[in-house]
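Chemist:
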Amino acid sequence: MKEEKYAKSVEVFNGSLWEAEVIKGLLKSHGVPCVIQDGNLGAIAPYIDPQVSLLVTEDQYETANKIIESNKEKDND
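In our numbering, the protein residues as written are 341 to 417.
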């Protein structure tokens, strides 16, 4: 039987859904695949701004973090 290996996911961002969507778009534009976890709470309770996690694979963490930090620096200029 062939053993399948899966990449480990790690959190690169935790915050509101709209912030996570913006960062997700930023990362994807740089070729970094990512997913939002726990993004469906707003469908159950739309009056709550849910905290979500943005996940990347472990091997993409450093790249993703650099992109996010670089974007924060641009916003502060």
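By construction, the Cβ of each residue, glycine as well, lies at the ideal position given by its N, Cα and C atoms. Predicted, not measured: the structure shown is a model, and the values here were computed from it.
#1: Note down, in chain order, each residue of its chain lying with its Cβ closer than 6 Å to the Cβ of V392, except the 5 sequence neighbours on either side.
#2: Taking the beta strand (DSSP E) that E351 belongs to, which residues open and close that run?
#3: For N411, which option in Y401, V396 and L367 has the closest C-alpha, if you only look at C-alpha atoms?
#4: Let me check understanding here. Comparing Cα to Cα, which of K406, N416, V396 and D415 lies closest to K348?
#5: Tell me which same chain residues have a C-beta within less than 7 Å of the C-beta of G364, skipping the five on either side of it?
Modeler: Based on what the coordinates show:
#1: Against the sequence shown, residue 392 aligns to sequence position 52. These residues qualify, in order along the chain: L357, A360, I376, D378 and G379.
#2: To locate residue 351, count along the sequence shown from 1; it is residue 11. Element bounds for E351: S349 to S356.
#3: Sequence index remark: in the sequence shown, residue 411 carries index 71 (1-based). Checking every option, the nearest Cα to that of N411 belongs to L367.
#4: The sequence position of residue 348 within the sequence shown is 8, counting from 1. Minimum Cα distance to K348 is reached at V396.
#5: Position 24 of the sequence shown, counted from the start, is the residue given in the question as residue 364. Residue 364 is actually Lys in this sequence, not Gly. Here the set comprises C374, I376 and L394.
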